[in-house]
Structure formats: structure tokens, C-alpha cells
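Protein chains in written order, with this note's numbering: chain A, 874 to 1085; chain B, 420 to 784. Where is the CB? At the ideal position from N, CA and C, for every residue including glycine. So the structure is just underneath, and the comments pick up after that.
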Amino acid sequence: MDGKAILAGLEKAVISGNKNDAIKYSKDALAAGVKALDAIDNGLVKGMTIVGDKYAKHEYFLPQVLLAANAMYGGLDILLPHIPKADAAKKVVGVIGVVEGDVHDIGKNIVKTMLTAAGLDMHDFGKDVPIENFVNSVKNQKANLIAMSTLMTPTMDGMKAVVDGLIENGDRMKVKIIIGGAPTSQAFADDIGADMHAINAQEAVKKVKEVL
Amino acid sequence: MAEKMTHIQRCLASLADEPVDRLTVYPIACGVSRRTIGDGTMTYKEWCSSPKNYAQGLISGQKYFDLDFTVGLMDLSVIAGDFGSHVRMDEQNTPFVDDPVIKTVEDYETLQMPDPKKGRSGVILEGTKIFAEALKNETITSGFLEGPLLSLTQSASAEKVFMDMYNNRSAVHKALGTFTDYLKEMVKGMGQAKPAACMWDYLWGSYSCLGDKEYDEFEGQHKYAGSLNEAVGKEGMALAIHNCADLPHLDTQVKQMKPAVYTMAWYPLIPGSPSASDAIGKGYADNCVLCGTIDPQGFVRWSQEKMQKVTMNLIQEVKTALCARGLKSRYTIASGCEVPPTVTTRLENIKEVSDTVKKYGQVTC
Chain A
874 MDGKAILAGL EKAVISGNKN DAIKYSKDAL AAGVKALDAI DNGLVKGMTI
924 VGDKYAKHEY FLPQVLLAAN AMYGGLDILL PHIPKADAAK KVVGVIGVVE
974 GDVHDIGKNI VKTMLTAAGL DMHDFGKDVP IENFVNSVKN QKANLIAMST
1024 LMTPTMDGMK AVVDGLIENG DRMKVKIIIG GAPTSQAFAD DIGADMHAIN
1074 AQEAVKKVKE VL
Chain B
420 MAEKMTHIQR CLASLADEPV DRLTVYPIAC GVSRRTIGDG TMTYKEWCSS
470 PKNYAQGLIS GQKYFDLDFT VGLMDLSVIA GDFGSHVRMD EQNTPFVDDP
520 VIKTVEDYET LQMPDPKKGR SGVILEGTKI FAEALKNETI TSGFLEGPLL
570 SLTQSASAEK VFMDMYNNRS AVHKALGTFT DYLKEMVKGM GQAKPAACMW
620 DYLWGSYSCL GDKEYDEFEG QHKYAGSLNE AVGKEGMALA IHNCADLPHL
670 DTQVKQMKPA VYTMAWYPLI PGSPSASDAI GKGYADNCVL CGTIDPQGFV
720 RWSQEKMQKV TMNLIQEVKT ALCARGLKSR YTIASGCEVP PTVTTRLENI
770 KEVSDTVKKY GQVTC
């Protein structure tokens, strides 16, 4: 199978949410001498971008997006270790998580997937994330971006605590902060000193690309 | 100034789209109502763990805010908790599932139905009986239950369920069957508690989450929501539906399911999210009392003046839309979702909504 067919296979595997195919074509790509970065960008990410567009048009819904993301991560697990360190170092690093006190992570996972597909090196802190993990992420993960979400009103104050912590440790100006989740808004982002608010994953990618 | 109609007269007139002295009003103040009891220090945990406290909060809230309806909404981890999920219950934060009971495909199929009279389901049934009896001559009361798909996603994490809709379809259906059976028992319990209505939370009927096909297969069809809606009617209660998601499946949940009352949110930043006037204009209030759509965050963050202005604007929008549609009263000025039960919610903002509707809610076409 030639490189072009492999890339098409990767794209299709993501669009159809077929993780096994994504893994198979990723291995095929490496065996055929396709560069890992090429396989990611022109195969997996291309497929995920199409999925994102279909979701925005309500042609795809959450189940299809989640299956596509699962397929993409299956391929990334194979391909990422083969990216030359110099290329990997050029990537913008983002950390993402649901703030402490909340475990609703489906929206966060979609945003993480779309930011990954947009080329960021995303570190997923998961859910119910202690404030200090975000605050220390500039030092520990070399984060250029902090993305936080919550679905619950009482935990919104945790976002402010993160911003305050970054000011206190001197890292605030080294990182962009984006927030999301049903109870949040741009007004709230402005109030707490975050840089951006996004209503959904597509808007998050657009806003992050504008500033990083 | 004394009002011309009682709460019940006004609600019944609104349900029949007859003239009212003013629009009905119901900011969905449930858990937060505990703060109107005594010195206001009852914790959420104390409120949601005792039938007496739960009912007392709702009764006290109805009187304090002078509301037209009373709905027994607790948090969404009740059923998942009773099925064995671990629920993290902080003193004042809304409880949530932090360790779901369903972790494997086999777990969907071996799910055991608990006794609906125990756990927090039991608190709801017993508490509903208390507040329904206490308020039966005051307001229209409604019990509140999570729908089967919501109960399942709370018990297994939404992400897992959504992926298993494709990867392990029959297992998901098996679990939905179990939850539906359980909810039928809950509806019987509600029937004995005798609220005027029973409200389902059918949250996943949202085009941001599921398409028509998936929603119909995994909740909307007769085997699940259809039969539960019928069970509500058989128990002598009116059907009500709550859906605070963006882009709700209005054709399915309003036109097909035919609830008497439907509560919905509005997300102005999301393209296509239907506002109050959109929903009325498209005929969804023709046979159903629509309720909404004040931003629940406003009850925490806005000044009283801003809340009054937002409420006045909504009243004007609703009156204009009702008149244009040839309707008289089939809308309730309400919050789009539950007023946050947090201690930082401003009680004066809830009262402001109620007072503003009394002052400006008269409909004259």
C-alpha cells in the first residue's frame, strides 16, 4: 500500500470512529516509511477536522465525535513516539482539566481532542483537578496554555484561584488561560482575569489559534 | 396590591391558555430554598438527606418567594447513588457521582434494581408526599425524576455510554430497561405521593449531544420515555418535562410527548438556541406551557436591578410573542435551569423575579 492510500486509510478510520483501523494504518505508515508527523497531520488530524466540521453542522453528534477521538488517540499512541524530538519541541504545550470539585469531563475531552487535532501538545489533567496542578503547570509541563472547565456553579471560584496562583508565582504572563463550561461566560473570564472563554470546542480552537 | 387570582387559578388558566391576571412565575428554586428555613444555615447535605427537610425547604421557599409552582428537583446523582454509584456529598456543593457503578460492559447487564423506597429516591418520594399535601391548596406541585438515559449516564459516565451506544448497543439497552423498570416503580410512588404533576429530566434530548435517531433509540421510544410518560398519566398526574440543555429536541419532547409543561434554557451564544419568542413563534406553546429562560447564573452574579431588567425584558418578549401567536397565557417566567443551590445565590434576585412578574406580567394583546 502506498503512502497516499495509508493516509486516506487513517483519515477514514477517524471519520468512521474505527480505532482498530487507525492503529493498523498507523503501523502501516511507519512500515512504509511515511513520516509520523505526516501521518498525524494528513491522516488522523485531517479526519478529526472533518469530524469537527460535521459536528458543527449537526451531521455528527457526541457518540460519533467520541468514537472518532478514540480512533485518533489509538493512532497517536503508535505515531507520537516516532516524531523527532526537535519537531515535538516546537509544539505549543497545553494543559487541560476540570477544576477541583467537579467531575463532568465530556466537554473537556472534546476540547482536548480538537486542540490536539489543531496541533497542540495537550496534557490532560483529568477531572477534579487540584488548583496547584494548574498553577504549577508552567514550571512542570512548560505550559503555554491552560484550559479549565466546570459545569457546576460552586466550583467556578477554583478558576479564579488558579489565575491568582499564577499571578502569585510570577507565571501569569507566560501562559494564556481559556475557560469553558455551561455556567461560565466571557464576562466571568474577564472578572477573574482569564484571557478567553469559549462556548464550544470549535470556538476554543479558533481563539487559541489567534493568540498562540 | 392584592392579586386577582390565586396561584392555582392562575396556573390552571395558563395551562388552558385562558386570560390571567398576570403571567405565571417560577424561578426553579429548589435546593436553594433550604436557606429560607429558620436562620438559613441548613446545608445542602442536610436538605437532600431528609424527607422532612427536603419538603420543608420547598414549602418554605414557595411562601418566601411567593411562587406559582413547586417542583421537587433534587440533584442528578440521586438514582445513580441508589444503584450503587459513589456520590460525593460536600456540605454545600451539589452532590455528584465520583465513582460510577457501571465500569464494564457486564456491569450494564448485571445492574441490580434497588428498593425505590430506600436511599435518596425514598427521600424524594416521602418528601414529595409531604410538600404535595402541604401545598395542595396553594400551588400546582410537581414531583421530579431523572429520565432513564440521564440515570444511566450518571451511573456510567456519559462518555462511556455514548461510545457504548455503538460498541455495546445491547448492553446499553439492557441497562436502560432496568432503569425504566425502576422509574416505573418511582412513578407509582409519585402517584401515591399525589403531586399534581410529575416532571422528567430528559436532558440528553439535545442536538449538541444526540441526533433524532440516537435520541429516539436510547430514550425517546415507547419502551423508555414513551411508557414512562404514559405511566405518569395513569397515576393521575400531569406530564411535565425539564430540559436545560442547549438545542433541545422540541419536536420530540414537546410536540410528540405532549407534556402539559416544558421548562427550557436559552443559550444566546449558541447558534440556533431557541429563545422564548422563537419557541412560542414556532408553535411549541400552542398546547403546552413553556417555562424559561432566565440565565441561572444571574441569580448568583447579577445585581437586583439587573435581574429586574432581564425579567422585564423577558416578560415583554413573551407577551409580544404570545399575542402574535394568538395565545393568552401559556408561558411561565422561569429560570432556564435550577437556580444554583449554592450559598452564594442571592435570594433577593429570586424574589425580584417574582415581584417583577407581579408588577409587569399582565398580558393585554
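Exercise for the section: Pull up the CB-CB distance for Q573 (chain B) and S504 (chain B), whole angstroms please, since I reckon it's below 8 Å. Expected result: Right, their Cβ atoms sit about 7 Å apart.
Practice task
Taking only beta carbons into account, state which residues of the stretch 959-982 of chain A come closer than 8 Å to chain E, listed in chain order.
Solution key: Looking at the structure shown, chain E is missing, and the protein chains on hand are A and B.
Exercise for the section: On the DSSP bridge assignment, give the partners of M1021 (chain A) in chain order. Expected result: Assignment of beta-bridge partners to M1021 (chain A) by DSSP yields A:G970 and A:I1052.
Problem - Chain-ordered chain A contacts of G630 (chain B) [CB-CB under 8 Å] - result: In chain order: H931 and F934.
Practice task
Please list, in chain order, all residues of the same chain as G639 (chain B) whose beta carbon is under 6 Å from its beta carbon, the five residues on each side excluded.
Solution key: Hits under 6 Å: T671.
Problem - Residue range of the unbroken beta strand (DSSP E) whose run includes N662 (chain B) - result: N662 (chain B) -> beta strand (DSSP E) spans A657 to N662.
Practice task
At 8 Å on the CB atoms, spell out the chain B contacts of M1025 (chain A), in chain order.
Solution key: Here the neighbours are N512, T513 and F515.
Exercise for the section: Please report the Cβ distance between V887 (chain A) and A895 (chain A), rounded to the nearest whole angstrom; I am assuming they are in contact, meaning their Cβ atoms lie under 8 Å. Expected result: Right, the Cβ-Cβ distance comes to about 6 Å (below 8 Å), so this counts as a contact.
Exercise for the section: Given a cut-off of 7 Å, decide if I979 (chain A) and E578 (chain B) are closer than it, judged by their beta-carbon atoms. Expected result: Yes, Cβ-Cβ distance for E578 (chain B) and I979 (chain A) is below 7 Å.
Problem - N982 (chain A), buried or exposed, once every other Cβ within 10 Å from all chains shown has been counted against 16 - result: Per the 10 Å Cβ criterion, buried.
Handout entry: Those residues which DSSP pairs with P667 (chain B) across a bridge
Key = Secondary-structure assignment with DSSP links P667 (chain B) through a beta bridge to B:S625.
Handout entry: Cβ shell of S692 (chain B) (< 7 Å), same chain only, five flanking positions each side left out
Key = Sequence-distant partners of S692 (chain B) (beyond 5 residues in either direction) whose C-beta falls short of 7 Å from its own C-beta, in its chain, are D665, L666, W685 and Y686.
Practice task
Could I get the ranges of all uninterrupted beta strand (DSSP E) runs contained in the stretch 440-489 of chain B, with 3 residues as the minimum, in chain order?
Solution key: Qualifying beta strand (DSSP E) stretches, in chain order: 443-445.
Practice task
Could you spell out where the beta strand (DSSP E) holding S754 (chain B) opens and where it closes?
Solution key: Per DSSP, S754 (chain B) is one residue of the beta strand (DSSP E) stretching across Y750 to S754.
Exercise for the section: Can you pull the chain B residues whose beta carbon is under 7 Å from the beta carbon of P1056 (chain A), in chain order? Expected result: Neighbours of P1056 (chain A) in chain B, taken as residues whose beta carbon is under 7 Å from its own, are Q716 in chain order.
Problem - I1004 (chain A) in three-state terms, based on DSSP - result: Correct three-state label for I1004 (chain A): helix.
Exercise for the section: In angstroms with no decimal places, state the Cα-to-Cα distance between V938 (chain A) and K985 (chain A). Expected result: Spanning the two alpha carbons is a distance of roughly 12 Å.
Handout entry: E785 (chain B) (DSSP reduced to helix, strand or coil)
Key = Residue 785 (chain B) lies beyond the residue range present for chain B, which begins at 420 and ends at 784; the question has no answer from this structure.
Handout entry: Nearest residue (CA-CA) to S1022 (chain A), options A:Y898, A:D1001 and A:K1012
Key = Of the listed residues, the one whose Cα sits closest to S1022 (chain A) is A:D1001.
Practice task
May I ask which residues mark the beginning and end of the alpha helix (DSSP H) holding Y681 (chain B)?
Solution key: For Y681 (chain B), there is no enclosing alpha helix (DSSP H); the enclosing beta strand (DSSP E) covers residues V680 to M683.
Exercise for the section: Using the Cα positions of T764 (chain B) and G624 (chain B), report the straight-line distance between them to the nearest angstrom. Expected result: Using only the alpha carbons, I get a separation of about 28 Å.
Exercise for the section: Quick one: using the 10 Å Cβ neighbour count with 16 as the cut-off for buried, is G655 (chain B) buried or exposed? Expected result: Exposed, since its Cβ has fewer than 16 Cβ neighbours within 10 Å.
Problem - Cβ of I1072 (chain A) within 7 Å of any chain B Cβ - result: Yes, I1072 (chain A) lies at the interface with chain B (some Cβ there is under 7 Å from its Cβ).
Exercise for the section: Check each candidate in A:A1034, A:G992, A:A1071 and A:A1060 and name the one with the smallest Cα separation from I956 (chain A). Expected result: Just measuring C-alpha positions, the residue of A:A1034, A:G992, A:A1071 and A:A1060 sitting nearest I956 (chain A) is A:G992.
Problem - A577 (chain B) at chain A interface by Cβ criterion, 7 Å - result: Judged by the 7 Å Cβ criterion, A577 (chain B) is in contact with chain A.
Handout entry: Candidates B:F581, B:S496 and B:A616, of which the one nearest R539 (chain B) by Cα
Key = Relative to R539 (chain B), the option among B:F581, B:S496 and B:A616 whose CA is nearest is B:S496.
Exercise for the section: At 7 Å on the CB atoms, spell out the chain B contacts of N943 (chain A), in chain order. Expected result: The answer, in chain order, is M582.
Exercise for the section: With a threshold of 16 other CB atoms inside 10 Å of the CB of D509 (chain B), please say whether the residue is buried or exposed. Expected result: In this structure D509 (chain B) is exposed. Its beta-carbon is surrounded by fewer than 16 other beta-carbon atoms within 10 angstroms.
Practice task
State the start and end residues of the unbroken alpha helix (DSSP H) segment that holds F550 (chain B).
Solution key: Its alpha helix (DSSP H) spans residues G538 to A553.
Problem - Among B:L434, B:L431 and B:N556, the one whose alpha carbon lies nearest that of K482 (chain B) - result: Closest option to K482 (chain B), Cα to Cα, is B:N556.
Handout entry: Neighbouring residues, chain B, relative to L939 (chain A) (Cβ below 8 Å)
Key = For L939 (chain A), the residues of chain B that pass the 8 Å Cβ criterion are E578, F581 and M582, in the order they occur in the chain.
Handout entry: Residue of B:V520, B:L569, B:Y703 and B:K778 minimising C-alpha distance to I734 (chain B)
Key = Nearest of B:V520, B:L569, B:Y703 and B:K778 to I734 (chain B), Cα basis: B:K778.
Problem - CA-to-CA distance, M874 (chain A) to I660 (chain B), given in whole angstroms - result: Whole-angstrom Cα-Cα distance: 54 Å.
Problem - Terminal residues of the alpha helix (DSSP H) in which M945 (chain A) lies - result: For M945 (chain A), the enclosing alpha helix (DSSP H) begins and ends at L935 to L952.
Practice task
Compare the C-alpha of A551 (chain B) against each of B:W619, B:P470 and B:R588 and name the closest.
Solution key: Of B:W619, B:P470 and B:R588, the residue nearest in Cα terms is B:P470.
Handout entry: Min CB distance Y463 (chain B) to chain A below 7 Å
Key = By this cut-off, Y463 (chain B) is not an interface position.
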